[in-house]
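Novice: Have a look at this one before I ask anything.
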């Protein structure tokens with residue numbers, strides 16, 4: 011049996027599914043990846059500092075203009091791009107499978123825009139918008155209204171620096187997202203799909219390895235090798251945009 015049919019069969023028979031998505035999924039929408047080939051985090055910024063330092067909580071507090079220079083780049087990229095066929099296929103999988111969850115490292119909001127049910131999407135790094143004030147906490151401020159003006163963007167109410175609800179480097183993951191993920195991990199999964207992620211974080215590695223330990227099925231869809239490539243059940247060295255819809259076509263509605 012070819013690998014695409016293997017993945018389709020595993021998904022068909024599964025009840026509990028976790029789809030973990032990283033920057034590679036949105037790369038086909040034109041967004042930058044963070045690590046790997048031509049990754050955003052591979053080099054230094056114009057200021058001569060690593061991008062991790064520029065996009066850190068410390069930089070936001072002390073030099074919000076520098077932090078926002080790169081947040082605005084990400085924000086403009088998210089606003090100008092659209093979900094791709096990979097996001098749409100994942101949303102369709104969630105429609106067919108009521109216990110299919112998405113854990114995403116991406117901040118672009120593309121799963122929501124593609125139609126995934128947001129009560130089954132865990133945005134572990136937050137989302138690029140809407141913005142809120144870091145001083146008075148006024149919220150629901152559209153990103154598009156602010157990133158075209160002087161940086162850092164300021165609150166109309168108090169003049170404080172606005173920020174997106176994303177996890178900057180050095181900051182803790184959002185408590186609600188972590189709690190939801192832990193609850194779902196405790197129940198376990200029949201299938202885990204790793205899509206476009208470098209699989210370098212514990213919250214990605216642990217559910218995958220636990221599923222394998224419990225006799226489940228783990229598939230990786232990624233053009234490049236990752237830390238988990240040697241351990242997964244099936245590896246598709248392809249882009250998600252090219253194969254996810256094909257996988258779904260081998261499943262019944």
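Numbering (this note's numbering), first residue to last: 11 to 263.
Backbone N, C-alpha and C define an ideal beta-carbon position, used for all residues, glycine too.
1. Within the continuous beta strand (DSSP E) that includes residue 245, where are the two ends?
2. Pull up the distance between the alpha-carbon of residue 41 and that of residue 198, whole angstroms please.
3. Under 9 Å, do residue 205 and residue 177 count as touching if we go by C-beta distance?
4. Looking at residue 113: is its Cβ nearer than 9 Å to the Cβ of residue 231?
5. Could you tell me the alpha carbon to alpha carbon distance between residue 122 and residue 128, rounded to whole angstroms?
6. Of the residues 192, 144, 22 and 56, which one's Cα is nearest the Cα of residue 72?
7. Pick from 238, 225 and 162: whose alpha carbon is nearest that of residue 174?
8. Take residue 85 and list the residues in its own chain whose beta-carbon comes closer than 6 Å to its own, dropping the five residues that flank it on each side.
9. Between residue 228 and residue 203, is the Cβ-Cβ spacing less than 9 Å?
10. Between 103, 97, 136 and 95, which has its C-alpha nearest residue 115's C-alpha?
11. Using a Cβ-Cβ cut-off of 6 Å (strictly less than) and excluding sequence neighbours within five positions of residue 254, which residues of its own chain qualify?
12. Are the region 74-82 and the region 21-28 touching by the rule of at least three beta carbon pairs closer than 8 Å?
13. Going by the CB atoms, is the gap between residue 223 and residue 201 shorter than 9 Å?
14. Return the residue from the list 130, 207, 196 and 234 that minimises the CA-CA distance to residue 217.
15. Applying the criterion that 16 or more other CB atoms from any shown protein chain within 10 Å of the CB defines a buried residue, is residue 39 buried or exposed?
16. Determine which residues share a DSSP beta bridge with residue 66 and list them.
17. Given this structure, state the Cα-to-Cα distance separating residue 54 from residue 181, to the nearest angstrom.
18. In or out: residue 207 buried (at least 16 other Cβ within 10 Å) or exposed?
Specialist: Let me lay it out:
1. Taking the first residue of the chain shown as 1, we reach residue 245 at position 235. Residues 244-246.
2. On the chain shown, residue 41 is found 31 positions in, with the first residue counted as 1. On the chain shown, residue 198 is found 188 positions in, with the first residue counted as 1. Cα to Cα, residue 41 sits roughly 31 Å from residue 198.
3. In the chain shown, counting from the first residue as 1, residue 205 sits at position 195. In the chain shown, counting from the first residue as 1, residue 177 sits at position 167. Cβ distance not < 9 Å, so residue 205 and residue 177 don't count as in contact.
4. Position 103 of the chain shown, counting from 1, holds the residue named residue 113. Position 221 of the chain shown, counting from 1, holds the residue named residue 231. Cβ atoms of residue 113 and residue 231: not closer than 9 Å.
5. What you label residue 122 is simply residue 112 of the chain shown in a count that begins at 1. What you label residue 128 is simply residue 118 of the chain shown in a count that begins at 1. As the crow flies, the alpha-carbon of residue 122 is around 6 Å from that of residue 128.
6. For the purposes of this step, residue 72 is taken as residue 62 along the chain shown, with counting starting at 1. If we check each option's Cα against that of residue 72, 144 comes out closest.
7. Within the chain shown, the letter at position 164 stands for residue 174. Out of 238, 225 and 162, 162 has the C-alpha closest to the C-alpha of residue 174.
8. Counted from its first residue, the chain shown places residue 85 at position 75. Closer than 6 Å at Cβ, skipping near neighbours: 138, 153 and 157.
9. By 1-based counting over the chain shown, the position of residue 228 is 218. By 1-based counting over the chain shown, the position of residue 203 is 193. Yes, these two residues count as a Cβ contact at 9 Å.
10. For the purposes of this step, residue 115 is identified with residue 105 of the chain shown, where counting begins at 1. The closest CA to that of residue 115, considering only 103, 97, 136 and 95, is found on 136.
11. Position 244 of the chain shown, counted from the start, is the residue given in the question as residue 254. Result list for residue 254: 96 and 99, in chain order.
12. no
13. The residue you call residue 201 lines up with position 191 of the chain shown. The residue you call residue 223 lines up with position 213 of the chain shown. Contact flag unset, no.
14. Residue 217 sits at position 207 when you count from the first residue of the chain shown. Nearest option by C-alpha distance: 196.
15. On the chain shown, position 29 is the one that residue 39 refers to. When all chains shown are included, residue 39 counts as buried.
16. For the purposes of this step, residue 66 is taken as the residue at position 56 of the chain shown. Per DSSP, 179.
17. Taking the first residue of the chain shown as 1, we reach residue 54 at position 44. Taking the first residue of the chain shown as 1, we reach residue 181 at position 171. When rounded, the distance between both Cα atoms is 20 Å.
18. Here the question's residue 207 lines up with position 197 in the chain shown. When all chains shown are included, residue 207 counts as buried.
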